[in-house]
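As you go down the protein sequences, you meet chains A, B and C in turn. Oh and the first sequence: position 101 is 101 in the numbering used here, straight run, nothing missing. Oh and the second sequence: position 245 is 1245 in the numbering used here, straight run, nothing missing. Oh and the third sequence: position 105 is 2105 in the numbering used here, straight run, nothing missing. In this text, a Cβ means the ideal position worked out from N, Cα and C, and glycines have one as well.
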Amino acid sequence: MINIEGLEYSYPHTSKPALNSVDLHVDKGEFVLVTGKSGCGKSTLACTLNGIIPHILGGNMEGKVVVNGKNTENFTVFQMAQEIGFIFQNPESQFFNLQVEDEVAFGPENLGLDPEEIDKRVSKALNDVKMTFWRKHNVFNLSEGQKQRVAIAANLSLNPELLVLDEPTSNLDLQGAMELFQILGRLKNKGKTIVLIDHRTQHVRELVDRVIVMDKGRIIHEGGKKLLHDHEAMKKYSIRNPTHLTTRMKESNVYNTSNIIYNASEMILEVDNLSYHYSSGFTLEDVSLTLKKGEVLGIVGNNGSGKTTLAKVLVGLLKPDKGTVSFFPEDQGGNKISMAHKLGMVLQNPDHQLFMNTVHSELSFGLSELGFSPGEIESRVETIQESMNLSKLRNRHPHSLSSGEKQRTLISAFMTRQPHLLILDEPTTGMDSYHMNQLVGEIMKLQKYGVSFILISHDIEFLLKTTHKLIFMENGKIIDEKLTEECYNLYGDFKGLESFQSLVNG
Amino acid sequence: MNMKNAFSYNTSYVGEDSVIHRLDPRIKLGLVLGTTLLSVFLQNMAWLVTLVMMLLALSAISGTLKRMTKFLGLFFLFAVLTVAIMTLLTRNFIYSLEYFSPFFLRFGVMATAGMLFAFTTSPNHLSLALQKMRFPASLSFTLTVTLRYIPTLANEAEAIFNALRLRGVYLSNWDVIRKPSYLYRGMIIPLFIRILKLSDEIAIAAESRAFNGGNGRSSLKIMEIDRNDLFFSLTMIMFCSVLMVMDKVSFSLI
Amino acid sequence: MFKKTSNTGKWMIHFGNFTTRDLAFIGMIVALMFIIEMVIMLGVAAITPFPGAKSIGQAFFISIIIAVGLAKVTKVGTFTIIGIIMGVVAGLIMPAFLPLLPAAILGGLAADAITRIFYGRYGSRNSLVVACGVNQMVETLLILTIMVVFGFSTEIINPIMILIAAILATILGAAGGLIGSKIATELQSAGAIGN
């Protein structure tokens, strides 16, 4: 099905190869998982399969990629479309229409098929992903998981033999991900060849036939699915492995955050009966919580349970209808400096939050607004730059950094204001275990200096490693509150982890 | 302000339905052009008012009258303001009113007809109709991208706006006047970065699904002028002819 | 690029040398223009009775965006596509003001024609400044002339006023083109535009 020989590739304007002597052979009907650290070249490899590389993205490619007998060098992307279905991380950016049916018909329409044939294909594709009921609905009113299934149907309608999925679950909650993998299982049974690119592996154990691990543009491991049960190997390749976490934890207590001290007497935030209504009808109801100095609090819950809304109300982006948010120590006059002292929040997409043309000036952006003198700004920026390991990057353009570096820059930009509290919204989306551990280290370091954190996340492994306490949200309400330590004791084995996960995900 | 709501209502709805919604967009486009031209031709205020009333009646049938009144209200305010300023300048109210009413009525005809079209035609229908009118397929793809991403971009802008506020920059008028670089640094550059990334993703997604510059595209839904469309056009042509004749007659009477 | 393709019977203008990537990018640029235009329209037009104010108010900001679009795509014809799409959106969908359709298309065509004659393609700072200036001039002239046809008082819009508005719009458009070329340069350094 796929035959890659001696593939080398570098992106335009770069000298470092993104792919380096890659050889790969995939048989018809196989389910292959390609995994590895972010930036290892796995997405780049996927893009070579249907000719996006080199036809759309350009760059310098050598070697041979043959898919279903077609050499990508000689066929354009749209000519390859009938051989390969390509599903991306974010379904919204691949939709062109508002109605599910029109979206699925987009592909066959491009082939110029007649309406009866298109209709037949749309029905079949929607049936394959169990979305027939939603045929006439608006794409944007569907849940993330359903959107991803529509994206798959939109590719199936072209009758491809091969499906390539590039991190399809990173925006999904547990339920959405489970449903997606069920669909993939069905498609595998129907004889489709599937290449899945992902660094989350716990749900695909049963489905995969072969695992390929990449690093620095090379394939460094190729083998059967037993790799996914080999904890040492997974650690070596920094593959995400939360099952392993609990056993390790039991043995050595290394991840147990209960022994990380915080000042339990000094309160820095008190939230009292907070409510907020959206015009769409969603409400945040009667939320109360407290936060101590140096405490790390996790907020968990399904997509749409109100986590981000709560955070937005806390930082003042939304005005609460009812209730109070109080920060301690109380304001001295409520000037801008004391506001910035209180808190900072890093939103999900770093692209929305980087403004300047160097990392150094990014750290100082907005500080003059708070009334600091130029000398003071400079000394603060230098200190933070040093302690957050950004000195080497100081003259880089923030948008040219890797996603982990972008995030570090953002956290640092808030640290120059010496806030008491930092809120991070889904900080580990799409992160491999190496970068996640780096973030954990940064959080723990800042925590030692007395910074409190509120972490909004789906990522259990990350939460277990960082938080003291977890708050569970559903439909805009807090439904439960547990010390992370208790969660360990309750859910110390694999089965427990699964149920813990379903609790985290609502 | 919730930017998504402000920009999404006539670029992203499906599901509304009425006789007017089901008309072929080409017929409705004809209506917009026809009434606009007719309004230039008509001299008598009464017939211009009748024309606006007819369009409002159509809008009531389609159930979009409520939405339209919001905009017409704004337009009305503009008209009143203009007349008021003119009155202040000339100290003559009647003169100012007479002076401006033909313009505002014609403008009103065009605005009402335009909105009737916009509110009752989904972007999908419009691009189908444009295809039938030999609009190049590659351009109808660009149009689709534009319409589809207006609400998304408004969301992106809101997210950037929020990120700025978190850094202590509020981008109020005063901030922008004092430091124009905030608008440039804070809004324009990040928006362009997003646009560049999104447009690459769109292009890749389109080609991965066999999009070939729109060459040889077919369509699941077929658009054809049916009996209702013909009936509607005939009625409208008759109505407009009557107005035209009446206008001539009343004009020659004076 | 204005190749006659009568044999395919499609349209007078041939858009074959625009890649899907170009088309998608132009689509996004127009979406952004539209958002900026709506904000300005609600802000400017609602508070002044002089209809030229809107054209002048948006000339600068719209031109910045267009200039970045031109700098990325570089092909002559880009401005016409922007004009057609913007015209369809503004003329038929929102705010559904029909005269914007011919004005936007002709403004784009004029800018493309000038660029083709003097520069061959978009890219240099001068080409962006001139194209944006020409486009704003043509568009403003057309819109105001249409207003007169509709019977707007010639005391408020007289030829001199039209001329002044057009000159102002041209200058602002050119200034926007200048800023746009600066932004394009910075985007290049961020690696976002690869030329």
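Secondary structure of Val204/A (DSSP, three-state): coil. In the same chain as Lys64/A, and ignoring 5 residues on each side of it, the C-beta atoms closer than 8 Å to its own belong to Asn3, Ile4, Glu5, Gly6, Leu7, Asn71, Glu73, in chain order. Using beta-carbon distances, Ser279/A does not count as an interface residue toward chain C, since no partner is under 8 Å. It is roughly 14 Å from the alpha-carbon of Thr358/A to the alpha-carbon of Pro1190/B.
Take the alpha-carbon of His352/A and the one of Lys322/A: they are about 29 Å apart. For the 8 Å CB-CB criterion, Gly298/A and Gly476/A do not form a contact. With contacts defined by Cβ atoms closer than 8 Å, Val346/A and Phe414/A form a contacting pair. When the beta-carbon positions are compared, Ser1062/B and Thr1120/B come within less than 8 Å of each other. By the Cβ neighbour-count rule, Ile2164/C is exposed, with fewer than 16 other Cβ atoms within 10 Å of its own. Close to Leu347/A, with beta-carbon spacing below 8 Å, are these residues of chain B in chain order: Ala1159, Asn1162, Ala1163, Leu1166. For the 8 Å CB-CB criterion, Leu1143/B and Ile2066/C do not form a contact.
The alpha carbon of Val2149/C has as its nearest neighbour, out of Tyr1182/B, Phe1135/B, Asn1124/B, Pro1102/B, the alpha carbon of Pro1102/B.
Below the 7 Å Cβ cutoff, chain A contributes Phe78, Asn110 as neighbours of Asn1212/B, in chain order. The C-beta of Ser400/A comes closer than 8 Å to at least one C-beta of chain C. Distances from the CA of Leu2128/C to each of Thr2080/C, Gly2027/C, Gly2069/C were compared; the closest alpha carbon is that of Gly2069/C. Shortest Cα-Cα distance from Leu126/A to any of Phe140/A, Asn141/A, Ile152/A involves Ile152/A. Considered as a whole, the segment 21 to 71 of chain A harbours 42 to 49 as its complete alpha helix (DSSP H) runs of no fewer than 4 residues, in chain order. Contact check for Lys2075/C against Phe2025/C fails: the beta carbons are separated by 8 Å or more. Proximity of Asp102/A to chain B, defined by a Cβ-Cβ separation below 8 Å, is satisfied. In the assembly as shown, Leu1089/B is an exposed residue. Its beta-carbon has fewer than 16 other beta-carbons within 10 Å.
Looking at the backbone, the Cα of Val211/A and that of Val32/A are separated by about 6 Å.
DSSP places Thr283/A outside any alpha helix (DSSP H); the residue lies instead in the beta strand (DSSP E), whose first and last residues are 283 to 293. Judged by beta-carbon spacing, Gly2180/C lies within the 8 Å limit of Ala2071/C, meaning their Cβ atoms are closer than that value. For His1021/B, the three-state secondary structure derived from DSSP is helix.
Neighbours of Thr2020/C across chain B, judged by C-beta separation under 7 Å: Ala1203, Ala1206, Glu1207, Phe1211, Gly1213. Taking a Cβ-Cβ cut-off of 8 Å, the neighbours of Glu2186/C in chain A comprise Asn357, given in sequence order. Straight through space, the alpha carbons of Thr44/A and His203/A are spaced by roughly 23 Å. Here the segment 97 to 117 of chain A lies against the segment 1208 to 1224 of chain B, with 3 or more beta-carbon pairs under 8 Å apart. Assignment of alpha helix (DSSP H) within the segment 58 to 137 of chain A, counting only whole runs of 4 or more residues, yields 77 to 80, 100 to 111, 115 to 128 in chain order. Under the three-state reduction of DSSP output, Phe1093/B falls in the helix class. For His360/A, the three-state secondary structure derived from DSSP is helix. In this structure, the CA atom of Phe365/A is about 9 Å from the CA atom of Gly1168/B. Contact annotation for Ile56/A against chain C: Thr2019, Thr2020, Arg2021 [CB-CB distance below 9 Å, chain order]. As summarised for the segment 1154 to 1220 of chain B, there are no continuous beta strand (DSSP E) elements at least 3 residues long confined to that stretch. In this structure, the straight-line span from the alpha carbon of Leu2144/C to that of Met1110/B is close to 16 Å.
If only uninterrupted beta strand (DSSP E) runs of at least 3 residues are considered, those enclosed by the segment 420 to 502 of chain A are 421 to 425, 452 to 456, 469 to 474, 477 to 483.
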